[in-house]
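A.B. asks: Taken in sequence, the protein lines are chains A and B.
Take the first sequence: its position 497, counted from the start at 1, is 497 in the working numbering, and no numbers get skipped.
Take the second sequence: its position 351, counted from the start at 1, is 979 in the working numbering, and no numbers get skipped.
Positions of the beta carbon are idealized from the N, C-alpha and C atoms, including for glycine.
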Amino acid sequence: MHCYETKYDVIVVGAGHAGCEAALAPARMGCLTLLLNMSLDGMAVMSCNPSIGGLAKGHLVREIDALGGEMAKNIDATGIQFRVLNTRKGPAVRAGRAQADKQLYRLRMKNILEHQDNLHVKQGEVTALYIEKDELRGVDTRSGIRFIGKTVILTTGTFMRGLIHIGLINYPGGRAGELPSAGLSDNLKGLGFDVGRLKTGTPARLDGRTIDFKRLEAQYSDENPVPFSFSTKRITMPQTPCYIAYTNSRTHEIIRSGLDRSPLYSGVIEGIGPRYCPSIEDKVVRFPDKERHQTFIEPEGLETVEYYPSGMSSSLPIDIQIAFYRSMEGLEKVEMMRPAYGIEYDYVNPIQLHATLETKLLKNLFHAGQINGTSGYEEAAGQGLLAGINAALRVKGKEPVQFGRHESYIGVMIDDLVTLGVKEPYRMFTSRAEHRLLLREDNADIRLRDVGYSLGLVDEATYIDFCKKKEEIEKELGRVKTTRIGLTPEEKEWCSNHNCADIQKGTTLDQILRRPEIGYEQLEEIDYISKKLPKEIREQVEIQIKYQGYINRQLEQIERMRKQEEVRIPEEFNYNNIPGLTLEVQEKLKKYKPDTLGQAARIEGITPAAVAIVAVMVKSFGEKKVES
Amino acid sequence: MYILDTITAIATPLGAGGIGIVRVSGSDAESIGKLIFNNSKKINGGGFESHRLFYGRFHHPSDGSLIDEGMCVLMRAPRSYTREDVIEFHCHGGYLIVSRLLDACVSAGARLAEPGEFTRRAFLNGRIDLAQAESISDIISTSTDKALALAQSQREGYLSRSIARLRTLLIETLALVEAYIDFPEDEVDPLVTETVFKKISAVRVTLQKLVDTFNTGKVLRDGVSVLLLGLPNVGKSSLLNALTGTDRSIVSHIPGTTRDLIEETVSLNGLPVKIIDAAGIRSHNYDCIEQEGVRRALDKVAAADLILLLIDGSRPVSDEDIELVSMVGKTPYLLVVTKSDLPLLSDTSRFTNSVASCYVSTKASVGIDHLTILIYDYFVSSSVLLSDGAAVVSSVRHRDVLLRVSSSLELFLKNMQMDLPAELLSLDLREAISALGEITGETTTDDILDLIFSSFCIGK
Ligand SMILES: Cc1cc2nc3c(=O)[nH]c(=O)nc-3n(C[C@H](O)[C@H](O)[C@H](O)COP(=O)(O)OP(=O)(O)OC[C@H]3O[C@@H](n4cnc5c(N)ncnc54)[C@H](O)[C@@H]3O)c2cc1C
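(1) So, using beta-carbon positions, are Val714 (chain B) and Leu702 (chain B) closer together than 9 Å?
(2) Would you list the one or two residues that DSSP bridges to Thr966 (chain B)?
(3) Tell me, to the nearest whole angstrom, how far the beta carbon of Ala387 (chain A) is from that of Ala22 (chain A); I am working on the premise that it is less than 8 Å.
(4) So, is the C-beta of Phe1081 (chain B) closer than 9 Å to a C-beta in chain E?
(5) Confirm the yes/no value for this check: CB of Ala803 (chain B), any heavy atom of ligand 1, distance under 8 Å.
(6) Please find out if some non-hydrogen atom of ligand 3 comes closer than 8 Å to the beta-carbon of Gly16 (chain A).
(7) Whose C-beta lies closer than 6 Å to the C-beta of Phe393 (chain A) among residues of the same chain, with five residues either side of it excluded?
(8) Taking the Cβ atom as the reference point for each residue, do Arg256 (chain A) and Leu168 (chain A) lie within a distance shorter than 9 Å?
(9) Can you give me the Cβ contacts of His17 (chain A) inside the same chain, cut-off strictly under 6 Å, excluding the 5 residues immediately before and after it?
(10) Could you say if the stretch 533-552 of chain A and the stretch 429-446 of chain A meet the contact criterion of at least three C-beta pairs nearer than 8 Å?
(11) Which partner residues of Met703 (chain B) appear in the DSSP bridge assignment?
(12) Quick one: is Pro227 (chain A) near chain B, going by C-beta distance under 9 Å?
(13) Under a CB-based cut-off of 9 Å, is Thr1073 (chain B) close to chain A?
(14) Could you check if Ile464 (chain A) is buried or exposed, using at least 16 other CB atoms within 10 Å of its CB as the buried criterion?
(15) For Ile649 (chain B), return the contacting residues in chain A, with the cut-off set at a CB-CB distance below 9 Å.
(16) Which residue spans inside the stretch 529-587 of chain A form an unbroken beta strand (DSSP E) run of at least 3?
(17) Give the range of the alpha helix (DSSP H) segment to which Asp140 (chain A) is assigned.
(18) Taking the alpha-carbon positions, what's the Pro516 (chain A) to Phe287 (chain A) distance?
(19) Give the DSSP bridge partners of Pro172 (chain A), in chain order.
(20) Do Ser39 (chain A) and ligand 1 come close, with the Cβ less than 8 Å from some heavy atom?
(21) Of the residues A:Leu264, A:Gln599, A:Phe147 and A:Arg602, which one's Cα is nearest the Cα of Thr127 (chain A)?
(22) Give the interface partners of Asp633 (chain B) over in chain A, defined as CB-CB distance under 7 Å, in chain order.
(23) In three-state terms, what does DSSP make of Ile269 (chain A)?
(24) Please list, in chain order, all residues of the same chain as Leu331 (chain A) whose beta carbon is under 7 Å from its beta carbon, the five residues on each side excluded.
(25) Quick check: is the beta carbon of Ser993 (chain B) nearer than 9 Å to any beta carbon in chain A?
(26) So, with DSSP's three-state summary, where would you put Tyr220 (chain A)?
(27) Considering only their Cβ atoms, is the gap separating Gly941 (chain B) from Leu973 (chain B) smaller than 9 Å?
(28) Tell me, please, which residues DSSP counts as bridged to Val348 (chain A).
(29) Under DSSP, the alpha helix (DSSP H) around Glu490 (chain A) begins and ends at which residues?
(30) From Asn364 (chain A) to Met1044 (chain B), what does the alpha carbon distance come to, in whole angstroms?
(31) Report the residues of the stretch 367-379 of chain A with a CB closer than 8 Å to any CB of chain B, ordered along the chain.
(32) How would you list, in chain order, the residues of chain A whose beta-carbon sits under 7 Å from the beta-carbon of Pro860 (chain B)?
(33) For Ser181 (chain A), is the beta carbon positioned less than 8 Å from some heavy atom of ligand 1?
(34) Strictly below 9 Å CB to CB, what residues from chain A border Ile664 (chain B)?
(35) So the beta strand (DSSP E) Ser678 (chain B) belongs to, where does it begin and stop?
(36) Based on Cα-Cα distance, which residue from A:Ser143, A:Leu136, A:Leu107 and A:Glu135 lies nearest to Gln123 (chain A)?
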């Protein structure tokens, strides 16, 4: 083993969506960072669908941006269709979604990484962690080079012992056309990590020249594309449509006829797949009454004819795949360029992590992304960013950063992972966030900019802009709360025109804005000052006023939980023989080793009474220690 | 788990001892106290000077009705058990009075405490020392065990089943709302207001019915009544004394309207039982003077929930004994053979339709406990109190939960009619489900996602 002369602060293994953020953050925070990837042509690759964002995922992207991550900027620069979903629902559940030009996305990110100060990008496959005297010292690669680093972040995605399935044929691979990562997961198992197997899949790619788009319904970009990054002024990429096609009863028949050769239905695949991303055969089998299933046919990029039929992932044999696509209207003559496939891979049980993403077993080792049992680019990037930040803070000898469930989707995700573990690939949904109304896309900067700035990830100019925005919001909030309506004849008429003739003289503007039928759009007709306000200020103020009652309710709940949330359980705390805890609860707590009472309370099957007992014992534990 | 709100609980074991204490802890303790406790003297802060016991009256804040008279003490933070403001009401120890006082605290704004919550606060606020802390965890676990045992009883079974049905309906509705929010591009059913409205309205009707069983529920309103019936000298009075003896607390002592009707209320394992000694009954040969008393006694027989039919075990069964059975009519009776310390001469085979029988000797103190258990089991374990096996809400805590669920749902319906967006509607539903969770156990996000993925074809 040749020991490389440069000693790194942070070594990141894998340059997927987790790895890219995990490498950029510490480098930007001034730590000498090494990013290793199996192939330098395969960085920031979108393995599956060509889109970023969507419900809850868009929220994550905005949070990453507020903290100073790269994902939002990258998609803004390479996105070829932008849409805001749920525009008719409330602001908390609105989310951006963009189609990316996959190659551009990958190349731009590669470029950013290559030009980042303090960051070395190198090709290399890590086969083992290098441990000396029970301490993590670095990593060993297949080509015989040992890299020394103070901290290591593993972001191996679907690559560890990856096994690709197409029909009953299977072969090792990390992603179609790429090698798997071998050895590393055995190494982890040997260190005591709980390594399990999960499964996911991706649909075929179709040749656009053989699709009859005229017979499909087109779905266009929003007229005014809304960027993900708070810093992006305007989307400049040309915009292209997606298309909607449908399966039919003939398609379903063909699919059924191939089930006997499906690795899933014949039991070859043992990993557990995500239920929110079922294969088309799954949908047909589980919903036999559904006459058709819809698929969005999405462009993979501007310079390619490849199209991605979403929702059609499959591990059926190729002849069946071709036949079922061709049974669909508009796809009768379609040519398949890449077949659909399923992939099984190793992940490490995330209950073995602290909420900082550092492993509980090995100090200075962090895990982020799909290795933690999640799926999705945004989920991976969010974790990568946090792991990168905390590795850097460790190097600098500073306290780690953690996010509460009430502060961010990143916080919700990580808390879910470390307290509940995963049974199937974990994806973010807004329903997972109990404080959903507080965690909006529109206020991600208000929630997280300060943190990003204090870490050194947000530059001065951006931060000053943000502070100005915050000030303006406060000012306007103050103004509407103190400005009263005099009920002039003009205002009186306005009231009766807008169905609020009951408004009294002296009513404040914020009371008027609270009415469901009134927004700034209406108010500006009598309130000339608001006409001149920037759009984002009006938006923020309006949302805060309209949601106020509900927001206060959620804030109250958070305040109530806080005390318990913050009580730390010492690492060496012993759950054995605690009177009143059932054996089952003891075992569970020993396995999960929660860091705080708040975490303990969220572990499945831990009752409030059990938490109370632990609380009492933790307290007495502390006192005993002081005595001795 | 809430930390900062104000909680309340009964601090003394139910039905045991002559004094009941209801304790309130939290920042609202004093204001709750002012809503309930009324001290005629305006000096000394109207009875709210810290750490002094004051005499006054307790009123229910909902309607101002008098609950009891007693003592009240306020202990301002940090000099209290929990290191929060604590107020204690000391009243008479009867089941009804204490429950009503607790109910008053809840309607004044306190939340019913979870098992061990006072202690938890004491600990969290740094009030408790090591030894106390350790012994208390035992208490917490015992009280949960008791709750478990109760949950297994048949009566609770009906309740938990009908609550489980309600929970399913609520979760189904929430899944609908959440799927509508999270999967705008999948083929998810639109939120059909009308169907949801019907479903939730139906849930509210059921909730109301359940809550009503508490209000009208015989057990908790009046307790149950048990009538002692038997010939003179069979030992009714001594049995009455034995049942209401010093080891069981006497809740109230209401003399009968006539000299020969005596009522005593006792608490059998927390079940309030009114025992009536209808001393005046003879099966025949009564004279005119007694006629009025006897008619009243017969009314009592019909109104009783259970009759203890006493026969003298030391004598053969007489015709008069048999005639008593016909007097009992349709009311169920339990055969009590007295004087079991003497040789048994009576033949009990003629009392075939008795719900149970037992042998007691008040003189030798034999069989009283067994009789107590028989009475308790008859009411609590058997379903006699339930019409058609319907669920009955018997704890204040459960009723409190159901009321909160209902009011969240009321808000939900109102907001839906006002066309509020789905993410706000979801909040009301979640609140209802989480309140219900205090009875059924928590509902996790995964429960909801499970339902979404099994009912909708998700996967764009
Ligand atoms: C077939 C398929 C289908 C998918 N379907 C979906 C889907 O439907 N929905 C969804 O949300 N997500 C899906 N995904 C997942 C999505 O691609 C990932 O969640 C996301 O890319 C994870 O990011 P990551 O950074 O954790 O890992 P990846 O993006 O997988 O990146 C891992 C990187 O680590 C490198 N690497 C691995 N091991 C080593 C090593 N030992 N040494 C050096 N480098 C290493 C690899 O070269 C790779 O660049 C799918 C992925 C695949 C492959």
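C.D. replies: Concretely, from the data shown:
(1) Taking the second sequence and counting its residues from 1, the one referred to as residue 714 (chain B) is at position 86. Taking the second sequence and counting its residues from 1, the one referred to as residue 702 (chain B) is at position 74. Contact: yes.
(2) Taking the second sequence and counting its residues from 1, the one referred to as residue 966 (chain B) is at position 338. Beta-bridge pairing links Thr966 (chain B) to B:Asp940.
(3) Residue 387 (chain A) sits at position 387 when you count from the first residue of the first sequence. Residue 22 (chain A) sits at position 22 when you count from the first residue of the first sequence. Indeed they touch by this definition, with Cβ atoms about 5 Å apart.
(4) The chain inventory of the structure shown lacks chain E, comprising the protein chains A and B.
(5) The residue labelled residue 803 (chain B) in the question sits at position 175 within the second sequence. Ala803 (chain B) Cβ: outside cutoff for every heavy atom of ligand 1.
(6) Absence of ligand 3 is noted for the structure shown, with ligand 1 being the only ligands found.
(7) As a working mapping, residue 393 (chain A) is identified with position 393 in the first sequence. Per the sequence shown, the amino acid found at residue 393 (chain A) is Leu instead of Phe. These residues qualify, in order along the chain: Pro400.
(8) As a position in the first sequence, residue 256 (chain A) is number 256, starting the count at 1. As a position in the first sequence, residue 168 (chain A) is number 168, starting the count at 1. No, these two residues do not count as a Cβ contact at 9 Å.
(9) As a working note, residue 17 (chain A) is residue 17 in the first sequence. If we look at His17 (chain A) and ignore the five residues flanking it on each side, its Cβ neighbours are Tyr377, Ala380 and Ala381.
(10) Yes, the stretch 533-552 of chain A touches the stretch 429-446 of chain A.
(11) Translated into the one-based positions of the second sequence, residue 703 (chain B) becomes position 75. Met703 (chain B) pairs with B:Val714.
(12) For this step, residue 227 (chain A) is matched to residue 227 along the first sequence. For Pro227 (chain A), the answer is no, since every Cβ of chain B falls outside 9 Å of its Cβ.
(13) The count along the second sequence starts at 1 and reaches residue 1073 (chain B) at position 445. Answer yes: the Cβ-Cβ gap between Thr1073 (chain B) and chain A drops below 9 Å somewhere.
(14) Here residue 464 (chain A) refers to the residue found at position 464 when the first sequence is read from its first residue. Result: exposed.
(15) On the second sequence, position 21 is the one that residue 649 (chain B) refers to. In chain order: nothing, as chain A lies at least about 22 Å away.
(16) none
(17) Within the first sequence, residue 140 (chain A) is the residue found at index 140, counting from 1. Segment Glu135 to Thr141 is the beta strand (DSSP E) holding Asp140 (chain A); no alpha helix (DSSP H) there.
(18) Numbered from 1 along the first sequence, position 516 holds the residue referred to as residue 516 (chain A). Numbered from 1 along the first sequence, position 287 holds the residue referred to as residue 287 (chain A). Approximately 39 Å, taken between the alpha carbons.
(19) Here residue 172 (chain A) is taken as the residue at index 172 of the first sequence, counted from 1. The partner list for Pro172 (chain A) (beta bridge, DSSP) reads A:Leu163.
(20) In the first sequence, the residue the question calls residue 39 (chain A) occupies position 39. Indeed, a heavy atom of ligand 1 lies less than 8 Å from the Cβ.
(21) Locating residue 127 (chain A) in the first sequence gives position 127, where the first residue counts as 1. Thr127 (chain A) has its Cα closest to that of A:Phe147, out of A:Leu264, A:Gln599, A:Phe147 and A:Arg602.
(22) Working through the second sequence from its first residue, we reach residue 633 (chain B) at position 5. Going along chain A in sequence order, the residues near Asp633 (chain B) (Cβ under 7 Å) are Arg560.
(23) As a first step, residue 269 (chain A) must be located in the first sequence, where it is residue number 269. Ile269 (chain A): coil per DSSP, three-state reduction.
(24) The sequence position of residue 331 (chain A) within the first sequence is 331, counting from 1. Excluding the 5 residues flanking it on each side, Leu331 (chain A) has same chain C-beta neighbours closer than 7 Å at Ile211, Ala245 and Tyr325, in chain order.
(25) Counting from one through the second sequence, the residue named residue 993 (chain B) turns up at place 365. Output row for Ser993 (chain B): interface = no.
(26) Walking along the first sequence from the start, residue 220 (chain A) turns up at place 220. DSSP places Tyr220 (chain A) in coil when its eight states are reduced to three.
(27) Taking the first residue of the second sequence as 1, we reach residue 973 (chain B) at position 345. Taking the first residue of the second sequence as 1, we reach residue 941 (chain B) at position 313. Yes, they are a contact pair.
(28) Numbered from its first residue, the first sequence carries residue 348 (chain A) at position 348. A:Val195, per the DSSP bridge assignment.
(29) Mapped onto the first sequence, residue 490 (chain A) falls at position 490. First-last of the alpha helix (DSSP H) with Glu490 (chain A): Pro489 to Asn497.
(30) Here the question's residue 364 (chain A) lines up with position 364 in the first sequence. Here the question's residue 1044 (chain B) lines up with position 416 in the second sequence. Rounded to whole angstroms, the gap between the alpha carbons of Asn364 (chain A) and Met1044 (chain B) is 51 Å.
(31) none
(32) Mapped onto the second sequence, residue 860 (chain B) falls at position 232. Going along chain A, no residue has its Cβ under 7 Å from Pro860 (chain B), so there is no contact; the nearest lies around 54 Å.
(33) Counted from its first residue, the first sequence places residue 181 (chain A) at position 181. Checking every heavy atom of ligand 1 against the Cβ of Ser181 (chain A), one is found closer than 8 Å.
(34) Counting from 1 along the second sequence, the entry for residue 664 (chain B) is found at position 36. Under the 9 Å cutoff, chain A gives no residues; its nearest Cβ is about 24 Å from Ile664 (chain B).
(35) For this step, residue 678 (chain B) is matched to residue 50 along the second sequence. Taken as a continuous stretch (DSSP letters only), Ser678 (chain B) belongs to no beta strand (DSSP E), as it is neither H nor E.
(36) Walking along the first sequence from the start, residue 123 (chain A) turns up at place 123. Checking every option, the nearest Cα to that of Gln123 (chain A) belongs to A:Ser143.
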